[in-house]
Amino acid sequence: MARFTITGNYLYTVGTSQMGVFNIANPINPQLKEPVYLGAGIETIFPYQNKLFIGSNAGMFIYGLSNPAVPAYLGGYSHLRACDPVVVEGNYAYVTLRANANSVCGGTANQLDVVDISNAAMPQVRKTYPMQNPHGLGIDKNALFICEGNYGLKVFNATNPDAITDNQLNHLKDLHAFDVIPLGKNLLVIGEDGFRQYDYTNPESLKFLSKIPVVSQ
């Protein structure tokens with residue numbers, strides 16, 4: 016799950032309770048700025064259109080970057096306690112909640128929340144969909160990729176936020192999927208047994224490209 020991101024000349028990192036801010040205009044001499052306290056249970060960070068979207072085990076928070084050295088809180092929404100990655104495209108944030116009694120996240124929900132962020136100060140849940148065991152997710156041009164742990168990788172057409180699960184494009188069941196990054200036309204998938212790469216030019220028919228295996232010791 017993403018714990019850091021670069022936007023312009025700034026690097027942003029998240030720990031369990033605060034955001035680190037670094038000016039990297041001069042990469043060999045990065046400048047640490049004042050950290051931003053975010054609250055407890057912080058998990059992920061995602062940049063989109065001059066904003067940072069922070070996922071925590073209790074909700075999602077939006078910070079504006081009008082002054083990139085001092086991210087400013089804009090708004091957020093709360094949900095049941097659960098593990099919580101987030102990605103964004105257009106006017107919607109996509110948040111997966113995962114039940115995991117054995118982790119610090121806790122929680123009992125396995126679901127996808129589609130959140131309307133057209134008003135960053137007042138994000139609203141547009142729709143909630145049941146999932147099996149959702150982990151990381153990614154989106155590119157309305158192709159929504161959701162890692163379902165031992166249940167594999169699912170691909171949806173997210174054009175209609177009110178009918179996402181009715182528009183499932185693909186389901187790779189023969190792999191464990193923990194996190195996913197759509198990059199250009201290459202899809203990077205991370206699981207317990209290694210790192211896979213697919214061509215997602217056609218999301219309905221992912222083309223396997225390569226795998227770097229990881230063997231547990």
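Residue numbers (the numbering used here): 16 to 232.
A virtual CB, placed ideally from N, CA and C, is assigned to each residue, including glycine.
Residue i: first and last residue of the uninterrupted beta strand (DSSP E) it sits in
i: Asp208; result: Neither: Asp208 is in no beta strand (DSSP E) and is coded neither H nor E.
i: Met75; result: 74-79
i: Ala114; result: Premise fails: Ala114 is in no beta strand (DSSP E) and is neither H nor E.
i: Glu219; result: Careful: Glu219 lies outside any beta strand (DSSP E) and carries neither H nor E.
i: Arg141; result: 139-145
i: Gln126; result: 126-131
i: Lys169; result: 168-172
i: Ser32; result: Ser32 -> no beta strand (DSSP E), and no H or E assigned at all.
i: Leu159; result: 158-162
i: His186; result: 183-187
Short Cβ contact (8 Å threshold) for residue i with residue j
i: Val129; j: Ile161; result: no
i: Tyr144; j: Gln126; result: yes
i: Ile57; j: Ser32; result: yes
i: Gly206; j: His186; result: no
i: Gly70; j: Thr59; result: yes
i: Phe76; j: Thr20; result: no
i: Leu67; j: Leu47; result: no
i: Gly30; j: Pro100; result: no
i: Asp214; j: Leu203; result: no
Cβ neighbours of residue i in the same chain (closer than 7 Å, five flanking residues each side left out)
i: Ser133; result: Asn106
i: Asp131; result: Asn106, Tyr107, Pro138, Gln139, Arg141
i: Pro176; result: Tyr107, Val129, Arg141, Lys142
i: Tyr78; result: Lys66, Leu67, Ile69, Pro86, Ala87, Tyr88, Leu89
i: Pro228; result: Asp208, Gly209
i: Ala116; result: The predicted position of Ala116 is uncertain, since its pLDDT is 49 and thus under 50; a value taken from the coordinates is nonetheless stated next. Result list for Ala116: empty, nothing under 7 Å.
i: Ala17; result: Thr59, Ile60, Phe61
i: Lys156; result: none
i: Gly91; result: Gly74, Met75, Phe76, Ile77, Pro138
Residues near residue i in its chain [Cβ-Cβ closer than 6 Å; skip 5 each side]
i: Glu104; result: Ile154
i: Met146; result: Asn125, Gln126, Leu127
i: Lys226; result: Gly209, Arg211
i: Thr22; result: Pro62
i: Asn165; result: His191
Same chain, Cβ closer than 8 Å to residue i, five either side skipped, listed in chain order
i: Thr216; result: Lys200, Lys222
i: Leu184; result: Ala158, Val170, Phe171, Asn172, Pro218, Glu219
Assumed close pair residue i, residue j - CB separation to whole angstroms, cut-off 8 Å
i: Ala135; j: Glu163; result: That belief does not hold up - the Cβ atoms of Ala135 and Glu163 are roughly 29 Å apart, past 8 Å.
i: Tyr25; j: Asn44; result: No, Tyr25 and Asn44 are not in contact; Cβ-Cβ is about 14 Å, not under 8 Å.
i: Pro83; j: Arg113; result: Rounded, the Cβ-Cβ distance is 31 Å, inconsistent with contact.
Below 8 Å, can you find three or more Cβ-Cβ pairs linking the stretch 137-144 to the stretch 184-200? no
Report yes or no: do the stretch 49-65 and the stretch 76-90 share at least 3 C-beta pairs separated by less than 8 Å? yes
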